[in-house]
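So the sequence shown is numbered by the working numbering: it starts at 9 and just counts up by one.
Every residue gets a Cβ at the ideal spot worked out from N, C-alpha and C, and that includes glycine.
Keep in mind that this is a model prediction, so the values were computed, not measured.
The structure appears right after this line, and notes come after that.
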Amino acid sequence: MNMKIDPWSALNIDDYSKLFDEFGIQPFDDMVREIENPHKFMSRKIIFGHRNYNRITDAMNNNKPFSVMSGFMPSGKIHLGHKMVMEEIIWHQQQGADAFVGIADREAHAVRGMSWERCNDIGINEYIVSLIALGFEPNGHIYFQSKSEQVKDLAFELSSKANYSELSAIYGFTGETNVAHMLSAVTQSADILHPQLEEYGGPKPAVIPVGSDQDPHIRLTRGLGHKMNMFKIEGREDKEGNRYFSIRSKAAPEEALKELSQRIPGKTKLFEGHVDVFSADNFESLMKIVQDVELEFGGYAFVPPSSTYHRFMSGLQGGKMSSSIPESYISLTEEPKGAAKKVKKAKTGGRINLEEQKKLGGEPEKCSVYEMFLFHLVDDDEELAQIYTECCEGTRMCGHCKALAAERTEKFLKEHQELREVAKDRLDEYGL
Numbered sequence: 009m010n011m012k013i014d015p016w017s018a019l020n021i022d023d024y025s026k027l028f029d030e031f032g033i034q035p036f037d038d039m040v041r042e043i044e045n046p047h048k049f050m051s052r053k054i055i056f057g058h059r060n061y062n063r064i065t066d067a068m069n070n071n072k073p074f075s076v077m078s079g080f081m082p083s084g085k086i087h088l089g090h091k092m093v094m095e096e097i098i099w100h101q102q103q104g105a106d107a108f109v110g111i112a113d114r115e116a117h118a119v120r121g122m123s124w125e126r127c128n129d130i131g132i133n134e135y136i137v138s139l140i141a142l143g144f145e146p147n148g149h150i151y152f153q154s155k156s157e158q159v160k161d162l163a164f165e166l167s168s169k170a171n172y173s174e175l176s177a178i179y180g181f182t183g184e185t186n187v188a189h190m191l192s193a194v195t196q197s198a199d200i201l202h203p204q205l206e207e208y209g210g211p212k213p214a215v216i217p218v219g220s221d222q223d224p225h226i227r228l229t230r231g232l233g234h235k236m237n238m239f240k241i242e243g244r245e246d247k248e249g250n251r252y253f254s255i256r257s258k259a260a261p262e263e264a265l266k267e268l269s270q271r272i273p274g275k276t277k278l279f280e281g282h283v284d285v286f287s288a289d290n291f292e293s294l295m296k297i298v299q300d301v302e303l304e305f306g307g308y309a310f311v312p313p314s315s316t317y318h319r320f321m322s323g324l325q326g327g328k329m330s331s332s333i334p335e336s337y338i339s340l341t342e343e344p345k346g347a348a349k350k351v352k353k354a355k356t357g358g359r360i361n362l363e364e365q366k367k368l369g370g371e372p373e374k375c376s377v378y379e380m381f382l383f384h385l386v387d388d389d390e391e392l393a394q395i396y397t398e399c400c401e402g403t404r405m406c407g408h409c410k411a412l413a414a415e416r417t418e419k420f421l422k423e424h425q426e427l428r429e430v431a432k433d434r435l436d437e438y439g440l
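Given below as structure tokens:
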């Protein structure tokens, strides 16, 4: 298929399953049963894929430290698509995650040509205020890329492991791509990895909730994190078929390997460049020793970041949702009555006329109004199922759905904008 995705172009994916084979994303279905109270995006299959989310379910189910991180480029209005990511961050925070939200002003400046002042204004008054209004707690971390010394320093370190050919293969960069754009991509990797720095508790699982268009950042980051680590652990087998672990040095001092051979309990053997471990029966405890030694010798010991991928909402008029077409999306800051009018004009999955609708039923899978219910406006699964069934059976007409969606959209926006006013008075609680 050779599908090409990048984080800065409009993307329309007709078959999300193609991403499984093309990019190694795993289906999320098997993960849901591991979660006690899954978010509705999970149970409704809006979150369709993941990378290594089992690390996160293990942390949640066993009260282990983990983090959640995602970010927003401050280049325009906050809309329902951004709300999805914010809700996923907040849900993970409620499950015990140390939560991080980055405002990608370096990216907006490099890619969109936004001024720093404009980035700051949009970042606070569009994104951060709504994030707080939606329920983000002040024990989390909100920051701007350009103002975070940890992120900038880590981006510099990561850039020593990144090269043009890799960035070109992942993002499609050419000789015309400016260096600031490339640096902004590496800065995204620093965003993703910095929750694992010592000042935030050190290495731990981290989940990055994103749309599939952001997967290039995940792939780059996982590669760079691996390159930054001093060691890699490989499972091996000797001539007699006995399994053992080999801890291989990538850039570790010789003294670090010696320390490993002395600290790991049981039978080990030190070689030039690696330590073989013959009696380890608990991989997790072995990994912890390796991480501790790496940190003591000045390394990072990054855990590869996990990620979840959610479906995109289509535009209200069908097709792609585009920030350049106001009629295609609902902004969280727009006038509620005007937003309701947009919904009443939305494209539905109804038939050509009333007679055909009653005879053939509607097609909710093709309906932007049903998507509004599915993603945002109906919390009760039984109500949602009833809407779906009645539409398919032809007993529910599009006018009724539009009226209900418009009413709930207006109500949500009124309530959210009231909460935004409260949030503006709480910015100092978040260090802003």
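May I ask you to report which of helix, strand or coil DSSP gives residue i?
{"i": "ARG41", "result": "coil"}
{"i": "LEU278", "result": "strand"}
{"i": "PHE49", "result": "helix"}
{"i": "VAL283", "result": "strand"}
{"i": "PRO273", "result": "coil"}
{"i": "SER123", "result": "coil"}
{"i": "ILE21", "result": "Per-residue confidence for ILE21 stands at a pLDDT of 45, beneath the threshold of 50, marking its modelled position as unreliable; no derived number is given."}
{"i": "MET336", "result": "Sequence inspection shows Ser at residue 336; the Met mentioned does not correspond to that position. If DSSP states are grouped into helix, strand and coil, SER336 belongs with the helices."}
{"i": "THR182", "result": "coil"}
{"i": "ALA188", "result": "helix"}
{"i": "THR356", "result": "coil"}
{"i": "THR65", "result": "helix"}
{"i": "GLU248", "result": "coil"}
{"i": "VAL194", "result": "helix"}
Which residues does DSSP list as the beta-bridge partners of residue i?
{"i": "MET441", "result": "The structure shown has nothing for residue 441, since the chain only spans 9 to 440."}
{"i": "SER314", "result": "VAL215"}
{"i": "SER168", "result": "According to DSSP, which records beta bridges pairwise, SER168 is partnered with nothing at all."}
{"i": "GLN34", "result": "HIS58"}
Can you give me the start and stop residues for the beta strand (DSSP E) that residue i sits inside?
{"i": "GLY57", "result": "55-59"}
{"i": "ARG244", "result": "239-245"}
{"i": "PRO217", "result": "214-219"}
{"i": "SER254", "result": "251-257"}
Between residue i and the rest of its own chain, which residues show a CB-CB distance below 7 angstroms, the 5 nearest in sequence each way excluded?
{"i": "ILE86", "result": "GLU134, TYR135, SER138, SER339, LEU340 and THR341"}
{"i": "ASP436", "result": "none"}
{"i": "LYS275", "result": "PHE286 and SER287"}
{"i": "LEU427", "result": "ALA141"}
For residue i and residue j, what's the separation of their Cα atoms in angstroms?
{"i": "GLY326", "j": "THR356", "result": "8 angstroms"}
{"i": "VAL218", "j": "PRO35", "result": "15 angstroms"}
{"i": "ASN128", "j": "ASP113", "result": "8 angstroms"}
{"i": "TYR317", "j": "GLU184", "result": "30 angstroms"}
{"i": "ASP161", "j": "VAL194", "result": "11 angstroms"}
{"i": "GLY439", "j": "ASN147", "result": "10 angstroms"}
{"i": "GLY4", "j": "LYS155", "result": "Past the edges of the chain, shown from 9 to 440, lies residue 4, and the structure says nothing about it."}
{"i": "PRO334", "j": "SER293", "result": "53 angstroms"}
{"i": "VAL40", "j": "LYS247", "result": "41 angstroms"}
{"i": "GLY57", "j": "ALA414", "result": "30 angstroms"}
{"i": "GLN153", "j": "LEU166", "result": "15 angstroms"}
{"i": "ASP433", "j": "ARG120", "result": "30 angstroms"}
{"i": "VAL283", "j": "HIS234", "result": "19 angstroms"}
{"i": "GLY231", "j": "LEU88", "result": "31 angstroms"}
{"i": "PHE108", "j": "MET122", "result": "23 angstroms"}
{"i": "LEU278", "j": "PHE305", "result": "18 angstroms"}
{"i": "ILE241", "j": "SER322", "result": "43 angstroms"}
{"i": "GLU206", "j": "CYS406", "result": "55 angstroms"}
{"i": "ALA393", "j": "PRO372", "result": "11 angstroms"}
{"i": "PHE49", "j": "ILE360", "result": "31 angstroms"}
{"i": "ILE255", "j": "PHE239", "result": "6 angstroms"}
Under 6 angstroms Cβ to Cβ from residue i, same chain only, skipping five residues before and after it: list those, please.
{"i": "LYS68", "result": "As written in the sequence, residue 68 is Met, which differs from the Lys given in the question. Around MET68: GLN103."}
{"i": "VAL7", "result": "No answer is possible for residue 7: it lies beyond the span of the chain, which begins at 9 and ends at 440."}
{"i": "LEU412", "result": "none"}
{"i": "MET190", "result": "LEU175"}
Considering only residues of the same chain and omitting the five flanking positions on each side of residue i, which have a CB-CB separation below 8 angstroms?
{"i": "HIS424", "result": "SER138, ALA141, LEU142 and LEU340"}
{"i": "ILE297", "result": "LEU268, ARG271 and ILE272"}
{"i": "ASP37", "result": "LYS53"}
{"i": "ASN237", "result": "LYS258, GLU302, GLY307, TYR308, ALA309 and PHE310"}
{"i": "GLU364", "result": "none"}
{"i": "LEU324", "result": "GLU335, SER336, TYR337, ILE338, LYS350, VAL351, LYS353, ALA354, LYS355 and SER376"}
{"i": "THR65", "result": "MET39, GLU42 and ILE43"}
Along the alpha helix (DSSP H) that carries residue i, what are the first and last residues, could you check?
{"i": "TYR378", "result": "376-380"}
{"i": "HIS90", "result": "88-102"}
{"i": "ILE150", "result": "From DSSP, ILE150 is part of no alpha helix (DSSP H) but of the beta strand (DSSP E) over 149-152."}
{"i": "ASN133", "result": "It is not in any alpha helix (DSSP H) - ASN133 carries neither H nor E in the DSSP assignment."}
{"i": "PRO344", "result": "344-352"}
{"i": "GLU426", "result": "406-432"}
{"i": "PHE291", "result": "291-304"}
{"i": "GLU207", "result": "It is not in any alpha helix (DSSP H) - GLU207 carries neither H nor E in the DSSP assignment."}
{"i": "GLY233", "result": "223-236"}
{"i": "ILE395", "result": "389-401"}
{"i": "LYS85", "result": "LYS85 -> no alpha helix (DSSP H), and no H or E assigned at all."}
Is the beta carbon of residue i within less than 7 angstroms of some heavy atom of the ligand COA?
{"i": "ARG227", "result": "Although the ligand COA was asked about, the structure shown includes no ligands whatsoever."}
Distance cutoff 8 angstroms, beta carbons only. Does residue i sit that close to anything in chain B?
{"i": "LEU421", "result": "Among the chains in the structure shown there is no chain B, since it carries only a single protein chain."}
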